[in-house]
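FYI, the numbering for the first sequence is 1188 to 2105, going by the working numbering.
Notes to accompany the following structure.
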Amino acid sequence: MSVDSKDYNFGDIEANWQKFWDENKTFQAEDYSEKPKYYILSMYPYPSGEGLHIGHAINYTAPDILARYKKAQGFNTLQPMGWDAFGLPTEQYAIKTGTHPRLVTERNIETFRDQLKKVGFAIDWDREINTTDPGYMKWTQWIFLHLFKRGLAYVSDQPVWWCPELGTVLANEEVIDGLSERGNHPVERRKLRQWVLKITGYAERLLEGHKDLQWPDSSIRLQKNWIGRSTGAEVEFSLEGHKESLRIYTTRPDTLFGVTYMVLSPEHPLADQLTTEEQKVVVEAYKVEAAKKSDLERTELAKEKTGVFTGSFAINPVNNEKVSIWVADYVLMSYGTGAIMAVPGHDERDYEFAKDMKLPIVKVIEDKVAQSKGEETQLPYPGKGTMVNSGEYSDLESDAGKTKIIEDLESKQLGEASVQYKLRDWLFSRQRYWGEPFPVTWVSQEDYERVVGNADSPFQEFLPEEAVTFEAEGKLHFALPVPKNQLPLELPDVESYQPIGTGESPLAGVSDWLEIWLNTETGDSLPQSAPKPDGDNWIPGTRETNTMPQWAGSCWYYLRYCDSDNTEALIDPKLDQYWGVPDFYIGGAEHVNLHLLYARFWHQVLFDAGVSSCPEPFPKLVHQGMILGEMEYTLFEDADGNLVSANSMEDGDELNKRSLEESEVEKSGSDWVLKSNPSIKVDARSHKMSKSRGNVVNPDQLIKSYGADSTRLFLMFLGPIEDMKPWNTQGIEGVSRFLRRLWKEIVTEDRSINPKLTDGEESNQEVDKLLHESIKKITEDIERLNFNTVVSQLMILLNHLVKVESYSKKTARIFLQLLNPLAPHIAEELWNRLGGKDSISKTTWPEFDASKLVADEVKIVLQVNGKHRGELMVSVKANREEVEKTALKQERVQNSIHDKTIRKMIYVPGKILNIVAN
RNA sequence: GCCUGGAUGGCGGAAUUGGUAGACGCGCCGGACUCAAAAUCCGGUUCCUUCGGGAGUGAGGGUUCGACCCCCUCUCCAGGUACCA
């Protein structure tokens, strides 16, 4: 099995063992194995045309080490791989080149798979999935139907981000500062028919579920903030001269006495009614202006508050005071009730607005901290405190007052406690071709009711309690689910993937697919271009033209790996019982508020539907840090060619940048300066790898020059997996040298095994001790994912082995087992040459022998007043008195204490003796 | 603004419970081998020093016999988020 070579010929060795693993299915996960299961998952890649990135390599190497280690520990490990293959870049490439996206996708996957195999991952390739595969898509659509049936999917004509350049609508998350996340094109508001998923219905569950998750605290906090639960009250304000009342949401009912005006969002339904004749022109103009304003302008730094008076007044329910009602765009329609009570004394935004509009400001909360210092409460004071100027509630503390006011309002039916979330429902449709079609047919009300009335029809399974409808040109359309027997609903082949410009997807132009005759008995369909078949079971229908966003497929892919070929069910319940959900999930922290939240939502629905037996999809989550490009040094020049120090730049300065070589700069204090002119500071930092910056490191190139093992080792040696760390190509020499040294230590010039390796047990005690220390440390470090120190320890061990006269083959084999998770190819090869049968990947992880770790002597560090003053080797049995006596005789200790009196001595057995003297 | 992380030699990083700061590696310096170079091997490498020592983990203070580690204040960097009432 081994390669016939006297040198460390990593190219042949790696190809040989990769083939071996493939052919022997070494890393196949076994369904229903007796062994305990361990399911390791990494976020699957989007197979872009650019191929594998060094970030992918590091992302997949860490879990691969864990997978190989767990396998050696006796687990039935599952490490799968798949493709998140729907998506915009592929579609855009198709538009540009006229190639079918399916073809582009296949090609890209081919490349990615080859590249991943060349890194040598212990993946069970038999379970590979592809979100664009109809056999996969079927179940994505099936899950959508579950959401549909449960009333969690609805259609809404709503303003969405429309990107003219991309010809599509984007989700809030895909718009950053008014520009598209992909491509940085400007976006604008446009109203379009959209599918929306009611993720807000699961907000509470999503928060509750957090308590059982082993996630980084910061990620939990991020999701918590994103969901943004707040508690307060909804309060009714009656309106002067109107029957209706105005409902507002506040988190601070304790400030009700401080209300001096009210604000409606410009889109508020009562805005028109409340506008008096005299104010009509002003309010109308303001509303038009606000509607035109993009969110880009709303989020612009200059947050000057604007607004206009409606001419109407509201009555404060707690004190019957009359307050003016305004319209202002600092109040959002999409949060709370779209209207607020303004308390300028205790809210910064209201304060700012009140100042500008010269509205009254009242203090109703006393800042106790200021008070205790004898100072006045500074307004606006948004904190809690003692209520003042609040009638019968005065002198109560904020929290107590809050509770009491809510109670009183509730008893008078003027308000009630209320919980609000920042989280919005999930805009779930895209106007694209390359995505999952919605399994929905639009039919007339009459036809819909007929289907509903037919208890035997295959449509029944997914009919919602309340019909999903939308109105267009005065006609109401009803959403009929595509029955399970008709899934998957596949994409039609089209000539052009170009957006048709109306905002609708290219599918809207494919009439043979779009307009159908639908059989209400069987669910079958025919294009309307064909004559209508006989019988009144055939009704006309129109398919949904939106497609699902890329998130859809990734919301549940981890379940499919457990049963990737099942055509009858998403997952066999028995396999769900066996594999459950991943025991370990790793991926970028940037997915916390999107993919990870969406997937949790879907999973909870699938749990409710009985598809999964686990309440949460990802019980343990780890993020890997980004790899930055190599350190770059930048020099700045002004327009006249004068050098400018990096720290003295102003924002508005127009400066030319020039890249410098490392040899042109040096460090001075904490700054980097120009060698030729040390008064000029240069900018020194690592940047995110990007094509445009030209600092992308290609893993193929590294593997070609150094081998997959060196590459893997180096990626891990770079630093802790969760940290962001800069790349440094030179550094790979170190680990490469280490593997070459290892090779030469075991294989001699004539291809035989180095004669210094002996048969039988290890007879060198020092070697044995270090070996067992290494087993212990490496085992613990892998468990803690500290792979960088695993590499260090292996280096320390090898350095020692190289130095000693001889050691046993047994020791060498254990070394290879410890190395195997990180550098599996060379480990397999040398294992084999040392006479190992089969594959090292099938061997059991070595255990350390604690008895080998104890030494006869220990080193005691001597300190005087906490300062290092030498060290002492003493027997482990030495008692305190002996150590103290010997220590005091030491010359360096004597020198430091001779003119002082010893006050006390602190002794930590086996570690330290600190003599306190003055 | 708010919420998270983080800051240790020229560089990446180590120090697991408060106990020798700088493991391991890169780079650099010196040496061996070589006609020479590469590769390899050996030694050195935080700073200052009168060679006794002294200083030192972003800055300043505190707790402690003893602090990279705990507490307070501040600076800078990175990420997230932002009129959410």
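Virtual Cβ for every residue (Gly too), placed ideally from N, Cα, C.
Quick check on the burial criterion: 16 or more other C-beta atoms within 10 angstroms. Buried or exposed for residue i?
{"i": "arginine 1787", "result": "buried"}
{"i": "lysine 1193", "result": "exposed"}
{"i": "histidine 1372", "result": "exposed"}
{"i": "leucine 1663", "result": "exposed"}
{"i": "valine 1383", "result": "buried"}
{"i": "threonine 1707", "result": "buried"}
{"i": "leucine 1443", "result": "buried"}
{"i": "glycine 1396", "result": "buried"}
{"i": "glycine 1856", "result": "exposed"}
{"i": "glutamine 1917", "result": "exposed"}
{"i": "glutamine 1980", "result": "buried"}
{"i": "glutamine 1600", "result": "exposed"}
Taking only the alpha-carbon atoms, compute the straight-line gap between residue i and residue j and give it to the nearest angstrom.
{"i": "proline 1624", "j": "leucine 1332", "result": "12 Å"}
{"i": "alanine 1489", "j": "valine 1356", "result": "Residue placement at alanine 1489 is poorly supported in this model, since its pLDDT is 46, which falls under 50; the coordinates still yield a value, given next. Whole-angstrom Cα-Cα distance: 27 Å."}
{"i": "glycine 1767", "j": "cysteine 1801", "result": "7 Å"}
{"i": "glutamate 1948", "j": "valine 2048", "result": "35 Å"}
{"i": "arginine 1416", "j": "isoleucine 1386", "result": "14 Å"}
{"i": "alanine 1515", "j": "serine 1692", "result": "35 Å"}
{"i": "arginine 2000", "j": "asparagine 1986", "result": "16 Å"}
{"i": "histidine 2055", "j": "glutamate 1960", "result": "26 Å"}
{"i": "tyrosine 1994", "j": "alanine 2042", "result": "20 Å"}
{"i": "valine 1630", "j": "isoleucine 1703", "result": "10 Å"}
{"i": "glycine 1758", "j": "glutamate 1391", "result": "One detail in the question is off: residue 1758 reads as isoleucine in this sequence, not glycine. Taking the straight line from one Cα to the other gives about 27 Å."}
{"i": "aspartate 1838", "j": "histidine 1455", "result": "Its pLDDT being 49, under 50, aspartate 1838 is placed unreliably in this model, and the coordinates cannot settle the point."}
{"i": "methionine 1230", "j": "tyrosine 1772", "result": "7 Å"}
{"i": "serine 1585", "j": "alanine 1526", "result": "23 Å"}
{"i": "glycine 1307", "j": "leucine 1988", "result": "27 Å"}
{"i": "alanine 1254", "j": "threonine 1264", "result": "6 Å"}
{"i": "lysine 1261", "j": "serine 2028", "result": "The question names lysine, yet the displayed sequence has glycine at residue 1261. Roughly 11 Å separates the two Cα atoms."}
{"i": "alanine 1587", "j": "glutamine 1466", "result": "40 Å"}
{"i": "glutamine 1215", "j": "tryptophan 1208", "result": "9 Å"}
Within the continuous beta strand (DSSP E) that includes residue i, where are the two ends?
{"i": "leucine 1384", "result": "1375-1384"}
{"i": "lysine 2046", "result": "2044-2051"}
{"i": "alanine 1666", "result": "1662-1668"}
{"i": "glutamate 2055", "result": "Position check: residue 2055 holds histidine in this sequence, whereas glutamate was assumed. Taken as a continuous stretch (DSSP letters only), the beta strand (DSSP E) holding histidine 2055 covers 2054-2062."}
{"i": "glutamate 1423", "result": "1417-1426"}
{"i": "serine 1511", "result": "1509-1514"}
{"i": "tryptophan 1629", "result": "1627-1630"}
Tell me whether residue i, by its Cβ, gets closer than 7 Å to a heavy atom of the ligand GDP.
{"i": "phenylalanine 1649", "result": "Among the components modelled here there is no ligand, and therefore nothing to report on the ligand GDP."}
Check for me: the alpha helix (DSSP H) holding residue i runs from which residue to which?
{"i": "phenylalanine 1197", "result": "1197-1211"}
{"i": "methionine 1982", "result": "1974-1990"}
{"i": "glutamate 2068", "result": "2067-2076"}
{"i": "isoleucine 1965", "result": "1952-1970"}
{"i": "leucine 2005", "result": "1996-2006"}
{"i": "isoleucine 1592", "result": "1585-1598"}
{"i": "glutamate 2148", "result": "An answer regarding residue 2148 cannot be provided, because it is not within the stretch 1188 to 2105 covered by the chain."}
>> What ranges does the alpha helix (DSSP H) occupy inside the stretch 1518-1561, keeping only unbroken runs of at least 4 residues that lie completely in it?
In response: 1535-1544, 1555-1559
>> Contact between the stretch 1310-1325 and the stretch 1348-1355 is defined here as three or more beta-carbon pairs at a separation below 8 Å; is this criterion met?
In response: The answer is no - the stretch 1348-1355 does not touch the stretch 1310-1325, with fewer than three Cβ pairs under 8 Å.
>> Quick check for students: name the residue ranges of the beta strand (DSSP E) that lie wholly in the stretch 1863-1907, counting only runs of 3 or more.
In response: 1864-1872
> Which whole runs of the alpha helix (DSSP H) in the stretch 1297-1323 are 4 residues long or more, in chain order?
Replying inline: Listed in chain order, there is nothing to give.
>> Taking 8 Å as the cut-off, does the stretch 1709-1717 touch the stretch 1745-1763 (at least 3 CB pairs, one atom from each stretch)?
In response: no
>> For the pair the stretch 1291-1308 and the stretch 1223-1238, tell me if three or more CB-CB distances fall below 8 Å.
In response: Judged by Cβ distances under 8 Å, the stretch 1291-1308 makes contact with the stretch 1223-1238, as three or more pairs qualify.
> What runs of the alpha helix (DSSP H), each 4 residues or longer, lie entirely inside the stretch 1785-1812?
Replying inline: none
> Counting Cβ pairs closer than 8 Å, one from the stretch 1469-1477 and one from the stretch 1547-1567, do we hit at least three?
Replying inline: no
>> For the pair the stretch 1895-1905 and the stretch 2009-2024, tell me if three or more CB-CB distances fall below 8 Å.
In response: yes
>> I'd like to know if the stretch 2014-2030 and the stretch 1202-1214 are in contact, where contact means that at least 3 CB-CB pairs between them fall below 8 Å.
In response: Yes, they touch.
>> When you compare the stretch 1390-1405 with the stretch 1418-1433, are there three or more beta-carbon pairs, one atom per stretch, that lie closer than 8 Å?
In response: No, they do not touch.
> Just checking, does the stretch 1641-1650 make contact with the stretch 1433-1452 on the three C-beta pairs under 8 Å criterion?
Replying inline: no
> Which ranges does the alpha helix (DSSP H) cover as unbroken runs of at least 4 residues, wholly within the stretch 1210-1284, from first to last along the chain?
Replying inline: 1241-1259, 1275-1284
> Using 8 Å as the Cβ pair cut-off and three pairs as the minimum, do the stretch 1609-1628 and the stretch 1671-1678 touch?
Replying inline: yes
>> I want to know whether the stretch 1274-1294 touches the stretch 1606-1626 - three or more CB-CB distances under 8 Å.
In response: yes
> Which full runs of the alpha helix (DSSP H) of 4+ residues lie inside the stretch 1648-1735, going along the chain?
Replying inline: Qualifying alpha helix (DSSP H) stretches, in chain order: 1698-1701.
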